[in-house]
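Asker: FYI, in the working numbering the residues of the sequence shown are 29 to 503. Here a beta-carbon is modelled for each residue, glycine too, at the ideal position from N, C-alpha and C.
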Amino acid sequence: YSWTQSHADLSILVPVPEGTGKTDIALQMTPRFGPSRRLVLHCRFWPSPLLSGELHAAVEASECMWHLSSDSEVVVDLPKISEGMWPSILAPLPALKDIEAEESQLVNAAEEGLPAAAARESPHFAAAGEIPRVAAEVATASLQGSAQAESTPNVAGIIQRMGQRPQQSGLALTSCDALLAAVTRDDSLVVHAVNARALPVLLRTLRLHGQLADVQRAVWTLLEAMCIRQPFVKKLLADAGAMRLVTAALTAHLQDEALALLLLHALKLLLPLSPPRSFVEEGGVELIGDVMRANADATQINWLGAKSLQMLCSLNNTVRRLVMSMGVLSHLNSNVDELQASGTADGEADAARLREAATGLCAQLARGDGEMRAQLLAQDVVPRLASSVETAARAVSKPSGELSEAVRALGLLCASAETAETLVRSGVVDLIEQAHSKFADDEEICNEVEAFFEQAVGALCSSRGAALPQEELGV
Numbered sequence: 029y030s031w032t033q034s035h036a037d038l039s040i041l042v043p044v045p046e047g048t049g050k051t052d053i054a055l056q057m058t059p060r061f062g063p064s065r066r067l068v069l070h071c072r073f074w075p076s077p078l079l080s081g082e083l084h085a086a087v088e089a090s091e092c093m094w095h096l097s098s099d100s101e102v103v104v105d106l107p108k109i110s111e112g113m114w115p116s117i118l119a120p121l122p123a124l125k126d127i128e129a130e131e132s133q134l135v136n137a138a139e140e141g142l143p144a145a146a147a148r149e150s151p152h153f154a155a156a157g158e159i160p161r162v163a164a165e166v167a168t169a170s171l172q173g174s175a176q177a178e179s180t181p182n183v184a185g186i187i188q189r190m191g192q193r194p195q196q197s198g199l200a201l202t203s204c205d206a207l208l209a210a211v212t213r214d215d216s217l218v219v220h221a222v223n224a225r226a227l228p229v230l231l232r233t234l235r236l237h238g239q240l241a242d243v244q245r246a247v248w249t250l251l252e253a254m255c256i257r258q259p260f261v262k263k264l265l266a267d268a269g270a271m272r273l274v275t276a277a278l279t280a281h282l283q284d285e286a287l288a289l290l291l292l293h294a295l296k297l298l299l300p301l302s303p304p305r306s307f308v309e310e311g312g313v314e315l316i317g318d319v320m321r322a323n324a325d326a327t328q329i330n331w332l333g334a335k336s337l338q339m340l341c342s343l344n345n346t347v348r349r350l351v352m353s354m355g356v357l358s359h360l361n362s363n364v365d366e367l368q369a370s371g372t373a374d375g376e377a378d379a380a381r382l383r384e385a386a387t388g389l390c391a392q393l394a395r396g397d398g399e400m401r402a403q404l405l406a407q408d409v410v411p412r413l414a415s416s417v418e419t420a421a422r423a424v425s426k427p428s429g430e431l432s433e434a435v436r437a438l439g440l441l442c443a444s445a446e447t448a449e450t451l452v453r454s455g456v457v458d459l460i461e462q463a464h465s466k467f468a469d470d471e472e473i474c475n476e477v478e479a480f481f482e483q484a485v486g487a488l489c490s491s492r493g494a495a496l497p498q499e500e501l502g503v
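#1: To the nearest angstrom, report how far apart E399 and A270 are at their CA atoms.
#2: Are three or more beta carbon pairs between the region 324-331 and the region 350-370 nearer than 8 angstroms?
#3: Of all the options P303, W31, G333 and F307, which has the alpha carbon lying nearest to the alpha carbon of L290?
#4: Is the Cβ-Cβ distance between A434 and K466 less than 8 angstroms?
#5: I need the DSSP call for I53, collapsed to helix, strand or coil.
#6: Express the C-alpha separation of V229 and L38 in angstroms, rounding to a whole number.
#7: Please state whether DSSP places V356 in a helix, a strand or coil.
#8: When the Cβ atoms of the region 437-446 are set against those of the region 384-397, are three or more pairs found closer than 8 angstroms?
#9: For the region 257-266 against the region 213-224, are there 3 or more C-beta pairs whose distance is under 8 angstroms?
#10: Relative to the alpha-carbon of L251, which residue among D318, L234 and Q239 has its alpha-carbon at the smallest distance?
#11: Round the Cβ separation of A266 and L298 to the nearest angstrom and send it over; I've been treating them as touching at under 8 angstroms.
#12: Look at the alpha carbon of N223 and the alpha carbon of K262, and state the distance between them as a whole number of angstroms.
#13: Skipping 5 residues on each side, what residues in its chain have a beta carbon closer than 6 angstroms to that of D105?
#14: Contact defined as beta carbons within less than 8 angstroms: I believe L78 pairs with V103. What is the distance between those atoms, to the nearest angstrom?
#15: L68: which of G81, L227, A377 and R349 sits nearest, CA to CA?
#16: Across the region 306-317 and the region 350-361, are there enough close Cβ pairs to call them in contact, namely three or more that are closer than 8 angstroms?
#17: Measuring straight from C-alpha to C-alpha, what distance separates K125 and P115?
#18: Under the three-state reduction of DSSP, which class applies to C442: helix, strand or coil?
#19: Would you report the Cα separation of A394 and A246, rounded to the nearest angstrom?
#20: Could you give the uninterrupted runs of the alpha helix (DSSP H) lying entirely in the region 286-342, keeping only those of 4 residues or more?
#21: With a threshold of 8 angstroms, are at least 3 pairs of Cβ atoms found where one atom belongs to the region 396-411 and the other to the region 440-448?
#22: Do A221 and D284 have their CB atoms nearer than 8 angstroms?
#23: State yes or no: is the C-beta of A226 within less than 8 angstroms of the C-beta of P75?
#24: Can you tell me where the beta strand (DSSP E) with S465 in it begins and where it stops?
#25: Out of curiosity, what's the CA-to-CA distance linking L292 and I329?
#26: Taking the DSSP output, what are the residues bridged to W31?
#27: Leaving out the 5 sequence neighbours to the left and right, which residues in its chain are closer than 6 angstroms to E430 when beta-carbon positions are compared?
#28: Would you kindly check if the distance between the Cβ of L459 and the Cβ of D414 is under 8 angstroms?
#29: Using only the alpha-carbon positions, how far apart do Y29 and Q192 sit?
#30: From the DSSP output, in three-state form, read off C11 for me.
#31: In three-state DSSP terms, what is R395?
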């Protein structure tokens, strides 16, 4: 907490999470009327008092007030009975000294840092000027105890320490590690953490310390673990504006491959639940392209980026034109060619993964207008799509969605008779028919193949002025 005073009164400011309401806070003065020195400030969703102790001198209990400020702080206003300046304000109550000592141990360790050798071994060893991460033993000590009865208050206690000390980045790292260990061990603790206001506390940590890669890494690792174990967390994060924090972090750390991968994964999790218009208008599409170019050799980053852009391209032609102008499809295809040329098993696997992403993106871009389809044809995408169909037709097991996406893209590109005739002469139509025969029990593949033949036959008939042969179009 922090405090200010005049000769006549005293104000104490205590940080609380965003979204804290008036019904969550309670101030208790003992006695309730007349001169009082004992103060306890409670927060409903945290196990320990926000503030507790004996005041330096007496205040008028009946006139003590509190309110929530716009900066997410509880402001307690205390009128002094005897005017004067106090050298200090609080001494801990006897029953709470053990709690204070436990919290002080964690905070002091964070402030003092580890010995040099231990700090260098820490995975969160920070750059000059940043507090090193506290030893794991200190972080997990608060989680020790027996069974479920102890787990819930301990998780809330860790969150409370973070929430009341938002400026301490070292404590944030330690707390994230402890919470990650807890929710990994027991999925139900995610619900307890959410009820203890973990999400606003963690998002405030990102706002205060987002320039630190270690903080970004620790917080988003924890948040993604919570999302995986309890999917409702994704909606809460999206509603709390977490997407803006993701894009800000990507802008600041796009050269950090490991962190960029983590942030892109978070972006892909939140994208379906976030307002797409604001994301596009604020440069989100271009940012994804920047991250992919900055990490051109990182297969996973390029795959995640392509999948995210594929989702965004489903919005409208404006986004499709933007993605087309960025040259993302050419970038992906170049990477596929390089990986295939490596001749290694890993290279082949990575190439297949990127080819699948490029095929899906191409299918979305092909949904655009005639000008956009002409641009795709100019980029010579048909042989690549045909290669995807051929690979799927030769597959022993049931193919991934790549076959459906490839057939869909080819069907959309068949709007002109010239393209349809090219596909017939090149043997692509035969490959599609073979793939359909092989996977005739797959409803999605059958639907896409049927749509392809309807589009191709329709284009050929239209160019010759012939009627569409409705009865013969069954596949």
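Answerer: In terms of the structure at hand:
#1: One-based indexing of the sequence shown puts residue 399 at position 371. One-based indexing of the sequence shown puts residue 270 at position 242. Distance between the alpha carbons of E399 and A270: 36 angstroms.
#2: yes
#3: Indexing the sequence shown from 1 puts residue 290 at position 262. Selected option, being the one with the closest Cα: G333.
#4: In the sequence shown, the residue the question calls residue 434 occupies position 406. In the sequence shown, the residue the question calls residue 466 occupies position 438. No, Cβ-Cβ distance for A434 and K466 is not below 8 angstroms.
#5: The residue you call residue 53 lines up with position 25 of the sequence shown. Note: I53 maps to strand in three-state DSSP.
#6: Here residue 38 refers to the residue found at position 10 when the sequence shown is read from its first residue. Here residue 229 refers to the residue found at position 201 when the sequence shown is read from its first residue. Cα to Cα, the separation comes out at about 27 angstroms.
#7: Here residue 356 corresponds to residue number 328 of the sequence shown, with the count starting at 1. Helix, per DSSP.
#8: yes
#9: yes
#10: Within the sequence shown, residue 251 is the residue found at index 223, counting from 1. Comparing Cα-Cα distances from L251 to each of D318, L234 and Q239, the minimum goes to L234.
#11: On the sequence shown, residue 266 is found 238 positions in, with the first residue counted as 1. On the sequence shown, residue 298 is found 270 positions in, with the first residue counted as 1. Contact flag correct, Cβ pair sits at about 5 angstroms.
#12: Residue mapping note: residue 223 aligns to position 195 of the sequence shown, counting from 1. Residue mapping note: residue 262 aligns to position 234 of the sequence shown, counting from 1. Those two C-alpha atoms are separated by around 15 angstroms.
#13: Position 77 of the sequence shown, counted from the first residue, corresponds to residue 105. Correct list, in chain order: S39 and M93.
#14: Residue mapping note: residue 78 aligns to position 50 of the sequence shown, counting from 1. Residue mapping note: residue 103 aligns to position 75 of the sequence shown, counting from 1. L78 to V103, Cβ: 12 angstroms. No contact.
#15: Sequence index remark: in the sequence shown, residue 68 carries index 40 (1-based). It is Val, not Leu, that sits at residue 68 in the sequence shown. Nearest of G81, L227, A377 and R349 to V68, Cα basis: G81.
#16: yes
#17: The sequence position of residue 125 within the sequence shown is 97, counting from 1. The sequence position of residue 115 within the sequence shown is 87, counting from 1. Residue placement at K125 cannot be trusted, given a pLDDT of 49 that sits under 50; what the coordinates show is reported in the next sentence. Looking at the two C-alpha atoms, the distance is approximately 21 angstroms.
#18: The sequence position of residue 442 within the sequence shown is 414, counting from 1. Coil.
#19: If you number the sequence shown from 1, residue 394 lands on position 366. If you number the sequence shown from 1, residue 246 lands on position 218. If you take the alpha carbons of A394 and A246, they lie about 39 angstroms apart.
#20: 304-309, 312-322 and 327-341
#21: yes
#22: To locate residue 221, count along the sequence shown from 1; it is residue 193. To locate residue 284, count along the sequence shown from 1; it is residue 256. No; because the gap between Cβ atoms is not below 8 angstroms, this pair is not in contact.
#23: In the sequence shown, counting from the first residue as 1, residue 226 sits at position 198. In the sequence shown, counting from the first residue as 1, residue 75 sits at position 47. No, Cβ-Cβ distance for A226 and P75 is not below 8 angstroms.
#24: Here residue 465 is taken as the residue at index 437 of the sequence shown, counted from 1. Taken as a continuous stretch (DSSP letters only), S465 belongs to no beta strand (DSSP E), being part of the alpha helix (DSSP H) at V456 to K466.
#25: Numbered from 1 along the sequence shown, position 264 holds the residue referred to as residue 292. Numbered from 1 along the sequence shown, position 301 holds the residue referred to as residue 329. Spanning the two alpha carbons is a distance of roughly 7 angstroms.
#26: On the sequence shown, position 3 is the one that residue 31 refers to. W31 is bridged to I40.
#27: Reading the sequence shown from its first residue, position 402 is the one you call residue 430. Answer for E430: E384, T387 and S416, listed in chain order.
#28: Your numbering for residue 414 matches position 386 in the sequence shown. Your numbering for residue 459 matches position 431 in the sequence shown. Inspection of the sequence shows that residue 414 is occupied by Ala rather than by Asp. Yes; because the gap between Cβ atoms is below 8 angstroms, this pair is in contact.
#29: Here residue 29 is taken as the residue at index 1 of the sequence shown, counted from 1. Here residue 192 is taken as the residue at index 164 of the sequence shown, counted from 1. If I take the Cα positions, the gap works out to 7 angstroms.
#30: Absent from the structure is residue 11, since the part of the chain shown begins at 29 and ends at 503.
#31: One-based indexing of the sequence shown puts residue 395 at position 367. Of the three classes helix, strand and coil, the one that applies to R395 here is coil, per DSSP.
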